[in-house]
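Notes to accompany the following structure.
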Amino acid sequence: MSNSFFRFKQFIIRQDKCAMKVTTDACLFGAWLAEKVRSQESGVGSQNLKVGNVLDIGTGTGLLSLMLAQNCDANIDAIEIDDQAAAQATENEEACSFRNSIQVINADIRDHHFEKKYDVIISNPPFYENELKSVSSKKNIAHHGENLSLQDLLTAIKQNLNPGGLFFLLLPFKRDEEIRSLVYQNKMQLKQITLVRQSVHHNFFRIMIMGTITEEGYSEAEFDEISIWDEHQQYTEEFVQLLKDYYLYL
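With the sequence shown counted from 1, adding 86 to any position gets you the working numbering.
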């Protein structure tokens, strides 16, 4: 997925100015969280959540915001620290049919003051904290956690999430124990953990989580897993069901 643009059924993601490109796991995460939000709104989930305002932290191309906006009637603020990425997200948002529901904010989440709280906060944060850096400073910002650590991210979520609201994160599987520990330390609660494999023959490589802020006692999160490819090199049925509203040829 390294083309200058990626065409979905209802919108196009242009990515020539953005270091963080569209990836299959990010698309899966966007579809997964949109489905979770829909189920919570409809009362299928435990929250029975009414989603009016959504915050997308580190929006990049705007992919997650656009996927959620396609299937959720909410006002979405998409914040991005990098100037060119924010401009690209704005370009992508303005070209889609549901552009009026998304506002791109070019700012640092750590010092930006929001005028409201959010019912849902979503993020595909920097992945490679403390690992070898790229020579590209933009790729460093997009992939590394020095500019926004997991603790910074959870602090921003706590400051901006409504009571009873939900947050959704996509992380490398190897940070599973770290995020669970930080969530517990921050008096937050993981409600759903979905482990992701590239295929049925691979180890887990991503973790998708749904959480909330709670003063109640700790309870175990629900676990499940999903593989992107099956043993025949075809998308799995679970993947197709999540992405069929977005991918052109599903």
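Glycine included, every Cβ here is placed at the ideal spot set by N, Cα and C.
To the nearest angstrom, report how far apart residue i and residue j are at their CA atoms.
i	j	result
L141	Q245	12 Å
V190	A120	19 Å
F325	Q174	27 Å
I265	F92	31 Å
F94	I143	22 Å
L240	C182	30 Å
K225	L234	Annotation note: pLDDT 49 at K225 (below 50); position unreliable, coordinate value reported separately. Each residue's alpha carbon lies about 13 Å from the other.
F153	E302	Contrary to the premise, residue 153 reads as Met rather than Phe in this sequence. C-alpha separation (whole angstroms): 32 Å.
A307	I165	28 Å
E317	Y333	21 Å
L329	T110	10 Å
L256	G148	15 Å
L336	T176	27 Å
G138	G251	11 Å
N192	E180	15 Å
With distance defined between alpha-carbon atoms, name the residue in the options nearest to residue i.
i	options	result
F291	F97, M106 and F115	F115
I299	Q271, W118 and S313	Q271
D163	K103, H287 and K203	K203
Q327	T110, T109, K103 and W118	W118
F309	L135, I207, L281 and N139	L281
D238	P249, P212 and G251	P212
T145	K273, S128 and I99	I99
D169	F200, K103 and E127	K103
What whole-angstrom Cβ distance do residue i and residue j have, given they're in contact under 8 Å?
i	j	result
A105	N210	With 8 Å as the limit, A105 and N210 do not qualify as a contact, their Cβ atoms being about 13 Å apart.
C158	R124	7 Å
L276	I293	No, L276 and I293 are not in contact; Cβ-Cβ is about 10 Å, not under 8 Å.
D194	I167	5 Å
L150	I208	5 Å
Please classify residue i: is it buried, with 16 or more other beta-carbons within 10 angstroms of its beta-carbon, or exposed?
i	result
Q278	buried
N89	exposed
F254	buried
F97	buried
N178	buried
K260	exposed
Y321	buried
V108	buried
E263	exposed
Does any C-beta atom of chain D lie closer than 8 Å to the C-beta of residue i?
i	result
I265	Looking at the structure shown, chain D is missing, and only one protein chain is on hand.
Which runs of the beta strand (DSSP E) spanning at least 3 residues fall entirely within the stretch 115–173, listed in chain order?
-> If we require 3 residues or more, the beta strand (DSSP E) runs fully inside the stretch 115–173 come out as 139–143 and 161–166.
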